[in-house]
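Here's the structure, in structure tokens; my notes come after.
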Amino acid sequence: MSTNTDVSLSSYDEDQGSKLIRKAKEAPFVPVGMAGFAAIVAYGLYKLKSRGNTKMSVHLIHMRVAAQGFVVGAMTLAFFFFRYGLSHVSGILGKTE
């Protein structure tokens with residue numbers, strides 16, 4: 001039985017920054033979803049002090065639903081973008097090449 005000792009471990013040599021950049025190039029809507037999620041969470045924390053008499057749990061549920069909705073929307077756009085290609089998306093948006 002032969003063993004292969006020439007296994008490439010290049011994916012393990014990657015640091016977090018270069019891995020994020022590589023993944024962003026492969027799927028550009030992932031960073032959009034992450035940024036939208038972070039923006040909604042930051043907005044929710046900012047509005048936390050001026051929520052009035054709304055219960056904390058209700059406020060947190062609303063912020064969670066908004067953040068998840070943004071991520072699902074970004075994933076849906078990415079699906080249609082990669083499924084049908086840029087030409088179909090341009091046609092839907094009314095842009096002509």
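Under full-length UniProt numbering, think of the first position of the sequence shown as 1, with each following residue one higher.
Each residue gets a CB set at the ideal place from its N, CA and C atoms; glycine is no exception.
Using a Cβ distance threshold of 8 Å, residue 75 and residue 33 count as a contacting pair.
Look at residue 54 here: in three-state DSSP terms it is coil, with no helix or strand label.
By the C-beta criterion, the stretch 15-30 is judged not to be in contact with the stretch 53-67, since fewer than 3 inter-stretch pairs fall below 8 Å. For residue 47, there is no enclosing alpha helix (DSSP H), as DSSP marks it with neither H nor E. For the pair residue 72 and residue 37, the CB atoms are not nearer than the 8 Å cut-off.
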